[in-house]
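Below is one structure, written out as structure tokens; comments come after it.
This is the structure in structure tokens:
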């Protein structure tokens, strides 16, 4: 069985590096505004593309540019500019849903992957789009039984993309889910004139609502359930069934989430895919990975539609149910390469030996470790407080752009 490709999200350079450090086979990212996370993440610029390509090429990681929003006439020149820049930077492929983007990319000879926004649900749609795309993301609403039927038919009929290889099927494996069919929602547009289909969702569905009977005025407030906010998708505990369905690419959602989220989720699914491939995957391991996934941002977990369940796994909170949170402590000040020592300026909370710490940065990514020894003014100390500079051994370089956090239990 071919090992599943693990695709990780990158909303900025910190998350990109976290994905690379934790075993992603490919990364997907947005540039400027024409992607489905235009508002919720920093996004990269055209000038960043060569650096993205360079970092990923060094680790043999594929790069996918998301250009999957609704496109209007006034966007076409921007689309062309983005695609030309992606081509020049040797970006692997573009993720698209609009036929204009598909046509432009095809004309430029850029590999095309089809977004979930196209809502692909059957083999004939696969057959049609195989004229243009090598990889297709299936609708999030399909069960694994339906997915397996599609992948089997691709094999049987030898449906190939422009590359001459069999069409690859991609599905979402982890992260935020939307109540709307494949993300096609208009709540944000109606309420704030801010279109989710243009990457500018205002997250109306994540709020609490009161239901009112228009005839009687009777009101119902739904306690402990956000009726339009699904729990996050998690498939790590039935990854063997995912593999059996014939899926070739597993996509992790999270371009709007923090680098430590990308690091943890990518690492857990990397370990799971590797163990599945070498025959050591087990329920016991899956439980351990689930516990680690619960430490970073999540709305609770459920299996989506994959196992044939009806919709109804709603979040019980408006935000995260993570078992841990990060608390800002300070910023990077200096690094002594010969000694392997990094120093930090403490600007907020105290730092104590034994603390679990997180260091993030555009080049550093997201690195976690337990603080075993610390120095303040060249003397060993158990505690560093606001205003002090502390130093400790690190297996990586500290930069001025790095931020230091401590991880605490929620």
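In the numbering used here, the protein residues as written are -10 to 399.
By construction, the Cβ of each residue, glycine as well, lies at the ideal position given by its N, Cα and C atoms.
Practice task
If I'm right that residue 348 touches residue 375 with Cβ under 8 angstroms, what's the distance once you round it to whole angstroms?
Solution key: What you label residue 348 is simply residue 359 of the chain shown in a count that begins at 1. What you label residue 375 is simply residue 386 of the chain shown in a count that begins at 1. Their Cβ separation, rounded to whole angstroms, is 18 angstroms, which puts residue 348 and residue 375 out of contact at 8 angstroms.
Practice task
Assign residue 290 to one of three DSSP states: helix, strand, or coil.
Solution key: The residue given as residue 290 occupies position 301 in the chain shown. Residue 290: strand per DSSP, three-state reduction.
Exercise for the section: Name the two residues that bound the continuous alpha helix (DSSP H) containing residue 276. Expected result: The residue labelled residue 276 in the question sits at position 287 within the chain shown. Taken as a continuous stretch (DSSP letters only), the alpha helix (DSSP H) holding residue 276 covers 272 to 282.
Handout entry: Alpha-carbon spacing of residue 35 relative to residue 159, whole angstroms
Key = For the purposes of this step, residue 35 is taken as residue 46 along the chain shown, with counting starting at 1. For the purposes of this step, residue 159 is taken as residue 170 along the chain shown, with counting starting at 1. Roughly 26 angstroms between the two C-alpha positions.
Problem - CB contact flag (residue 103, residue 112, <8 angstroms) - result: As a position in the chain shown, residue 103 is number 114, starting the count at 1. As a position in the chain shown, residue 112 is number 123, starting the count at 1. No, they are not a contact pair.
Problem - residue 255 versus residue 236 - alpha carbon distance - result: As a first step, residue 255 is located in the chain shown; it is residue number 266 there, counting from the start. As a first step, residue 236 is located in the chain shown; it is residue number 247 there, counting from the start. Rounded to the nearest angstrom, the two C-alpha atoms are 18 angstroms apart.
Handout entry: Among 2, 384, 224 and 329, nearest to residue 279 - alpha-carbon criterion
Key = For the purposes of this step, residue 279 is taken as residue 290 along the chain shown, with counting starting at 1. Among 2, 384, 224 and 329, the Cα nearest to that of residue 279 is on 224.
Handout entry: residue 240: first and last residue of the uninterrupted beta strand (DSSP E) it sits in
Key = In the chain shown, the residue the question calls residue 240 occupies position 251. Counting along the chain, the beta strand (DSSP E) containing residue 240 begins and ends at 238 to 241.
Practice task
Measure the Cβ-Cβ separation of residue 100 and residue 123 and say whether it is below 8 angstroms.
Solution key: As a working mapping, residue 100 is identified with position 111 in the chain shown. As a working mapping, residue 123 is identified with position 134 in the chain shown. The answer is yes: Cβ separation under 8 angstroms.
Problem - Where the beta strand (DSSP E) through residue 102 begins and ends - result: For the purposes of this step, residue 102 is taken as the residue at position 113 of the chain shown. Segment 100 to 103, the beta strand (DSSP E) holding residue 102.
Handout entry: Whole-number beta carbon distance between residue 15 and residue 51, since they are thought to touch under 8 angstroms
Key = On the chain shown, residue 51 is found 62 positions in, with the first residue counted as 1. On the chain shown, residue 15 is found 26 positions in, with the first residue counted as 1. At roughly 4 angstroms, the Cβ-Cβ gap stays under 8 angstroms, so residue 51 and residue 15 are in contact.
Handout entry: Start and end residues, alpha helix (DSSP H) containing residue 4
Key = For the purposes of this step, residue 4 is taken as residue 15 along the chain shown, with counting starting at 1. For residue 4, the enclosing alpha helix (DSSP H) begins and ends at 2 to 10.
Practice task
Note down, in chain order, each residue of its chain lying with its Cβ closer than 6 angstroms to the Cβ of residue 297, except the 5 sequence neighbours on either side.
Solution key: Position 308 of the chain shown, counted from the start, is the residue given in the question as residue 297. Here the set comprises 132.
Handout entry: Identity of the residues DSSP links to residue 315 by a beta bridge
Key = In the chain shown, residue 315 corresponds to position 326, counting from 1. The partner list for residue 315 (beta bridge, DSSP) reads 396.
Problem - Distance CB(residue 60)-CB(residue 23) smaller than 8 angstroms - result: Mapped onto the chain shown, residue 60 falls at position 71. Mapped onto the chain shown, residue 23 falls at position 34. Cβ atoms of residue 60 and residue 23: closer than 8 angstroms.
Handout entry: First through last residue of the beta strand (DSSP E) which encompasses residue -6
Key = Within the chain shown, the letter at position 5 stands for residue -6. From DSSP, the beta strand (DSSP E) with residue -6 extends over -6 to -2.
Practice task
Confirm, please, whether the CB-CB distance from residue 282 to residue -2 is below 8 angstroms.
Solution key: As a working mapping, residue -2 is identified with position 9 in the chain shown. As a working mapping, residue 282 is identified with position 293 in the chain shown. The answer is no: Cβ separation not under 8 angstroms.
Handout entry: Closest by C-alpha distance to residue 361, when choosing among -4, 245 and 369
Key = Taking the first residue of the chain shown as position 1, residue 361 is located at position 372. From the listed residues -4, 245 and 369, the smallest Cα separation to residue 361 is found for 369.
Problem - Status (buried if at least 16 other CB within 10 Å, exposed otherwise) for residue 392 - result: As a working note, residue 392 is residue 403 in the chain shown. Residue 392 should be labelled buried.
Practice task
Kindly indicate which three-state DSSP category residue 56 falls into: helix, strand or coil?
Solution key: Taking the first residue of the chain shown as 1, we reach residue 56 at position 67. In the structure shown, residue 56 sits in a strand (DSSP, three-state: E or B).
Exercise for the section: Taking the CB atoms as reference points, tell me whether residue 333 and residue 320 lie closer together than 8 angstroms. Expected result: Indexing the chain shown from 1 puts residue 333 at position 344. Indexing the chain shown from 1 puts residue 320 at position 331. Cβ distance < 8 angstroms, so residue 333 and residue 320 count as in contact.
Problem - Straight-line gap, residue 10 to residue 354 (C-alpha atoms, nearest Å) - result: The residue labelled residue 10 in the question sits at position 21 within the chain shown. The residue labelled residue 354 in the question sits at position 365 within the chain shown. Near 8 angstroms, if we compare the C-alpha coordinates of residue 354 and residue 10.
Problem - Within 8 angstroms, strictly: CB atoms of residue 304 and residue 289 - result: The count along the chain shown starts at 1 and reaches residue 304 at position 315. The count along the chain shown starts at 1 and reaches residue 289 at position 300. With contacts defined by Cβ atoms closer than 8 angstroms, residue 304 and residue 289 form a contacting pair.
Problem - Cutoff 6 angstroms; reference residue 258; Cβ partners in own chain excluding five residues on either side - result: Within the chain shown, residue 258 is the residue found at index 269, counting from 1. If we look at residue 258 and ignore the five residues flanking it on each side, its Cβ neighbours are -5.
Problem - residue 144 burial status per 10 Å Cβ neighbour count (16 or more: buried) - result: One-based indexing of the chain shown puts residue 144 at position 155. Exposed, by the Cβ-count rule.
Exercise for the section: Taking 8 angstroms as the cut-off, decide whether the C-beta atoms of residue 395 and residue 316 are in contact. Expected result: Indexing the chain shown from 1 puts residue 395 at position 406. Indexing the chain shown from 1 puts residue 316 at position 327. Cβ atoms of residue 395 and residue 316: closer than 8 angstroms.
Handout entry: Beta-carbon spacing of residue 365, residue 379 below 8 angstroms
Key = Against the chain shown, residue 365 aligns to sequence position 376. Against the chain shown, residue 379 aligns to sequence position 390. A contact, by the Cβ cut-off of 8 angstroms.
Problem - Beta-carbon proximity check, residue 5 vs residue 41, cutoff 8 angstroms - result: Start at 1 with the first residue of the chain shown, and residue 5 comes out as number 16. Start at 1 with the first residue of the chain shown, and residue 41 comes out as number 52. Against a cut-off of 8 angstroms, the Cβ pair of residue 41 and residue 5 comes out as a contact.
Exercise for the section: Would you mind stating whether residue 166 and residue 129 have Cβ atoms separated by less than 8 angstroms? Expected result: The residue you call residue 166 lines up with position 177 of the chain shown. The residue you call residue 129 lines up with position 140 of the chain shown. Taking 8 angstroms as the Cβ cut-off, residue 166 and residue 129 qualify as a contacting pair.
Practice task
Take the Cβ of residue 428 as the centre, count every other Cβ of all protein chains shown within 10 Å, and call the residue buried at 16 or more, exposed below.
Solution key: In the structure as shown, the chain begins at -10 and stops at 399. Residue 428 is therefore absent and cannot be evaluated.
Handout entry: Proximity test, residue 332 beta-carbon vs the ligand MN heavy atom, cut-off 7 angstroms
Key = Of the ligands one can find in the structure shown there are none, so the ligand MN has no counterpart to examine.
Problem - 6 angstroms CB neighbourhood of residue 38 in its chain, flanking five on each side removed - result: Residue mapping note: residue 38 aligns to position 49 of the chain shown, counting from 1. Correct list, in chain order: 74 and 78.
Problem - Whether residue 121 touches residue 91 by CB criterion (8 angstroms) - result: Here residue 121 refers to the residue found at position 132 when the chain shown is read from its first residue. Here residue 91 refers to the residue found at position 102 when the chain shown is read from its first residue. The answer is yes: Cβ separation under 8 angstroms.
Exercise for the section: Take residue 326 as the anchor and find which of 344, 381, 229 and 147 has the nearest alpha-carbon. Expected result: As a first step, residue 326 must be located in the chain shown, where it is residue number 337. Nearest of 344, 381, 229 and 147 to residue 326, Cα basis: 381.
Problem - For residue 165, the three-state DSSP class (helix, strand or coil) - result: Here residue 165 refers to the residue found at position 176 when the chain shown is read from its first residue. For residue 165, the three-state secondary structure derived from DSSP is coil.
Handout entry: Burial state of residue 249, where buried means 16 or more other Cβ atoms lie within 10 Å
Key = Counting from one through the chain shown, the residue named residue 249 turns up at place 260. So residue 249 counts as buried.
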